[in-house]
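J.:
Residue numbers (the numbering used here): 6 to 88.
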């Protein structure tokens with residue numbers, strides 16, 4: 006676990022430093038190191054796709070009797086007699 010957190014921290018810090026260099030560096034008008042428009046578009050579409058897939062999986066997992074019912078957003082009734 007410490008190894009994974011170290012790798013994630015390293016990646017986040019690297020992206021942060023490159024972003025700062027691209028936007029606040031002394032030559033901020035020059036060509037960027039990273040095409041941030043492409044990154045934003047790609048990352049945004051990936052997040053949207055994963056969100057839709059997770060929502061569908063949760064919907065299927067919580068459907069009664071394993072059946073999928075589109076648009077069923079009703080919660081089960083609370084148990085009677087236990088308060």
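C-beta: ideal position from N, C-alpha, C; glycine also.
At the level of alpha carbons, what is the spacing between residue 23 and residue 58?
T.: Mapped onto the chain shown, residue 23 falls at position 18. Mapped onto the chain shown, residue 58 falls at position 53. Going from the Cα of residue 23 to the Cα of residue 58 covers about 31 Å.
J.: For the putative contact between residue 38 and residue 26, defined by C-beta atoms under 8 Å, what is the C-beta separation to the nearest angstrom?
T.: Looking up residue 38 in the chain shown gives position 33. Looking up residue 26 in the chain shown gives position 21. With 8 Å as the limit, residue 38 and residue 26 qualify as a contact, their Cβ atoms being about 7 Å apart.
J.: Pull up the distance between the alpha-carbon of residue 40 and that of residue 47, whole angstroms please.
T.: Counting from 1 along the chain shown, the entry for residue 40 is found at position 35. Counting from 1 along the chain shown, the entry for residue 47 is found at position 42. Approximately 11 Å, taken between the alpha carbons.
J.: Terminal residues of the continuous alpha helix (DSSP H) containing residue 27?
T.: For the purposes of this step, residue 27 is identified with residue 22 of the chain shown, where counting begins at 1. Unbroken alpha helix (DSSP H) run through residue 27: 7–29.
J.: Roughly how many whole angstroms lie between the Cα atoms of residue 68 and residue 62?
T.: As a first step, residue 68 is located in the chain shown; it is residue number 63 there, counting from the start. As a first step, residue 62 is located in the chain shown; it is residue number 57 there, counting from the start. Their Cα atoms are separated by approximately 10 Å.
J.: What is the DSSP secondary structure of residue 36, reduced to helix, strand or coil?
T.: Locating residue 36 in the chain shown gives position 31, where the first residue counts as 1. Of the three classes helix, strand and coil, the one that applies to residue 36 here is coil, per DSSP.
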